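Before any comments, here is the structure.
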Amino acid sequence: MFTRLSRIIKLGVNNFLRNWSLSIAAVVMTSLTLTTVTIFVILHFSATSATQMIKEKIDIMVYFYDETAEKEIQDIQLKLSSRFDLDSVKYISKEGAVAKWQSRPIPQNIKNLVTSEENPLFRSLQIKTQNQKTLDDVVNLLDNQTYQDKIYKVSYKENSDVIDKILRLTNFVNWAGSALSFIFIGISVIVIFNTVRLTIFSRREEIEIMELVGASSAFVNLPFMVEAIMYGILATIISMALLALGGKFIAPIINDQLYFLNINFQNYLFDLWYIIALLQVALAVFITTISSFFSTRRYIK
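For the sequence shown, full-length UniProt numbering assigns the number 1 to the initial residue and increments by one for each residue that follows.
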């Protein structure tokens, strides 16, 4: 049994080395496929995670004119607090607004522009909930003729724009990632299919002799499966090396460009390193063995 298995593996390695140029092409295409799929999967889950995180943290800031009476602000706060679908409605006084301003990560000379003596900041209500529809309802409620002379601004639109931007990015990543992944998978299948076909053609006399002396179809076919698995393993190694380089040199640039996602792609990649490697091996072996299976089934009679 062991001798039979070692011979099958040896034949598979010989197949790989015999057509080394085609084997390299198959490995390169498979590694590009794995890298492309992995990058877009990471981007998809990162964007989805960021969207959910922002939705959970999103709030409305309602700013009031200085002329608005405290009693009027309290009445609005009481009305909103009675809603069961809001997590909190917090009042921030002018003094509280100064304290928040001073705690922001901005240069000290800018902080000094706002003091307790010279305070242009507005009183406000901070409204929090995890349901975006609820926030939309609250905005519509406050966008009323009754409150126009009391409310200076509702800041929800800026937060909503961030969510819309991330959702558009997520949709683009899903569309582009799926399209490119299918294209690369298709090219990989074609390359591997034809590589195995040419290997079969170059070994046709040897295969005929093996069949004449009674070799089983499994013994004839399995070396090509071994060859395909080698494609997958080598492609995974190359892909993981490319991802490691990308994580070190390219991820920081992506972090800067997609700063609004508040996600460190380097940490995201390396935290999931072993899971990504296992999934890549599984995907690579699946693509290569399926291609090899159909090629051997078609060309070995």
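Ideal Cβ positions, reconstructed from N, Cα and C, are used throughout, including at glycine.
Please read all numbers here as calculations on a predicted model, not as lab measurements.
When secondary structure is reduced to three states using DSSP, Val220 falls in the helix class. In the DSSP assignment, Met61 forms a beta bridge with Gln126. The continuous alpha helix (DSSP H) containing Val13 extends over residues Phe2 to Arg18. Around the beta carbon of Glu205, fewer than 16 other beta carbons sit within 10 angstroms, so the residue counts as exposed. Shown here, Ser88 sits in a strand according to DSSP, grouped into three states. Listed in chain order, the non-local C-beta contacts of Asn15 below 7 angstroms within the same chain comprise Thr199, Pro223, Phe224 and Glu227, local neighbours out to five positions each way being set aside.
Sequence-distant Cβ neighbours of Leu234 in its own chain, meaning closer than 7 angstroms and more than five residues away, are Val27.
Between Val62 and Ile127 the beta-carbon gap is near 7 angstroms, inside 8 angstroms, which marks them as a contact. Ranked by how close their Cα comes to the Cα of Ile254, the residues Ala244, Leu245 and Phe265 have Phe265 in first place. With fewer than 16 other CB atoms across the displayed protein chains lying within 10 angstroms of its CB, Tyr274 is exposed. Annotation: the continuous alpha helix (DSSP H) that includes Ile209 extends over Arg204 to Leu212. Separation of Ser46 and Ile238 (C-alpha to C-alpha, rounded to the nearest whole angstrom) is 23 angstroms. The beta-bridge partner set that DSSP reports for Val27 is empty. Leu272 has its alpha-carbon roughly 44 angstroms from the corresponding atom of Ser82.
Ile106 carries a coil assignment under DSSP once its states are collapsed to helix, strand and coil. By the neighbour-count criterion, in which 16 or more other beta carbons inside 10 Å mark a residue as buried, Val154 falls on the buried side. Three or more Cβ pairs closer than 8 angstroms define a contact, and the stretch 184-191 meets that threshold against the stretch 286-296.
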